[in-house]
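The next block holds one structure in the form of structure tokens; read it before the comments.
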Amino acid sequence: MALADQAGILKPGSNQEQSMVEMLKVFVNQCQMAEAYFFRYSIIGFLGEGIISLEQEKIKHIPELRYDIRSLPTIEAALLERKAKYYEGQEIFEKTSSNYIIDSTVRSFLVMPVFTGTTVHGFIYGINQETVCSPELLDHMTKFGEQAGKILCSFSISQSHALLSTREWEVMREIAWGAATKEIAGRLDISEATVKQYVKQAVKKLGVSNRTHAVAELMRRGAIF
Numbered sequence: 008m009a010l011a012d013q014a015g016i017l018k019p020g021s022n023q024e025q026s027m028v029e030m031l032k033v034f035v036n037q038c039q040m041a042e043a044y045f046f047r048y049s050i051i052g053f054l055g056e057g058i059i060s061l062e063q064e065k066i067k068h069i070p071e072l073r074y075d076i077r078s079l080p081t082i083e084a085a086l087l088e089r090k091a092k093y094y095e096g097q098e099i100f101e102k103t104s105s106n107y108i109i110d111s112t113v114r115s116f117l118v119m120p121v122f123t124g125t126t127v128h129g130f131i132y133g134i135n136q137e138t139v140c141s142p143e144l145l146d147h148m149t150k151f152g153e154q155a156g157k158i159l160c161s162f163s164i165s166q167s168h169a170l171l172s173t174r175e176w177e178v179m180r181e182i183a184w185g186a187a188t189k190e191i192a193g194r195l196d197i198s199e200a201t202v203k204q205y206v207k208q209a210v211k212k213l214g215v216s217n218r219t220h221a222v223a224e225l226m227r228r229g230a231i232f
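Sequential numbering of the sequence shown, starting at 8, is according to our numbering.
Listed below in structure tokens is the structure:
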């Protein structure tokens, strides 16, 4: 079955993590990658945080992997353009910061942004593709990444209802996406004072000390992806 067909019939799992596992499997099988990694992305600090990986048909949690995306042009380009990107050979090493060590066995690298609209929520990358990566495949991967983003966000919205009011969640989501108080007020058509009040209420409900910790806790619980 072609990737486009796979993407078209991809259904949400029973929870967010199960859906991510299924997405990794489709990614690996259709792109014929040796292994793949799923990361959450936050515009706050431009941080990529590892969630799970798929290697030799085994799922592994990878919270220890944390990347400053600004120092990884190969990934950053895909996220900025919201398009799947493919690199191979010397280009991989030339576009990777010296802060990161790349195994000499890495021959190719494909990264797919997971997004909705103009907002990037995460990304999947795989290494050592066994077949030729065509422009058509990259186009399919971009569409697949957008569908994956919609599925994962649907879980975030559902989970948030058990934690915060709709407005509180909308405000915290905007903060997670890097918006300032004034921007949030404009987008949601409320006053800056009201934005601050929603943040205060969310922080209290989540039992944390500040807005940054609140965003981190919502991400941990899957209420914001």
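Virtual Cβ for every residue (Gly too), placed ideally from N, Cα, C.
None of the values given here were measured: they were computed from a predicted structure.
- Taking C-beta atoms as the reference points, Ala84 and Ala91 fail to come closer than 8 Å.
- The residue among Val113, Leu87, Phe34 and Glu181 with its C-alpha nearest the C-alpha of Gln97 is Val113.
- For Lys203, the enclosing alpha helix (DSSP H) begins and ends at Glu199 to Leu213.
- Gly185 and Gly52 have their C-alpha atoms roughly 9 Å apart.
- Annotated three-state conformation of Gly185 is coil, per DSSP.
- Ser26 sits away from Ile131, with the two beta carbons spaced by 8 Å or more.
- Per the DSSP secondary-structure output, Met119 pairs in a beta bridge with Ile131.
- Between Val206 and Leu54, the alpha-carbon positions lie close to 22 Å from each other.
- Non-local C-beta neighbours of Phe122 in its own chain, meaning closer than 7 Å and more than five positions away in sequence, comprise Arg89, His128, Gly152, Glu153 and Gly156, ordered along the chain.
- Contact check for Ile69 and Tyr44: beta-carbon distance about 7 Å, within the 8 Å limit, so the pair qualifies.
- DSSP, reduced to helix, strand and coil, places Arg180 within a helical segment of the structure shown.
- Each of Ile99, Leu213, Met119 and Leu117 was checked against the Cα of Ser111, and the nearest Cα belongs to Ile99.
- In this structure, the straight-line span from the alpha carbon of Phe162 to that of Asn22 is close to 7 Å.
- Around the C-beta of Gln39, fewer than 16 other C-beta atoms lie within 10 Å, and the residue is accordingly described as exposed.
- The criterion of a C-beta distance shorter than 8 Å is not satisfied by Lys102 and Leu61.
- Residue state for Asp146 is assigned as helix, using DSSP reduced to three classes.
- The DSSP-derived three-state label of Glu56 is strand.
- As DSSP reads the structure, Leu61 sits in a beta bridge with Ala43 and Ile66.
- Close CB contacts of Ile66 within its chain, under the 8 Å cut and outside five residues either way in sequence, are with Val28, Leu31, Ile59 and Ser60 (chain order).
- The count of Cβ pairs closer than 8 Å, one atom from the stretch 212-227 and one from the stretch 174-191, reaches three, so the stretches are in contact.
- Glu95: member of the beta strand (DSSP E) spanning Lys92 to Glu95, first to last residue.
- No Cβ-Cβ contact shorter than 8 Å links Leu144 with Gly133.
- Secondary structure at Ser49: strand, using DSSP grouped into helix, strand and coil.
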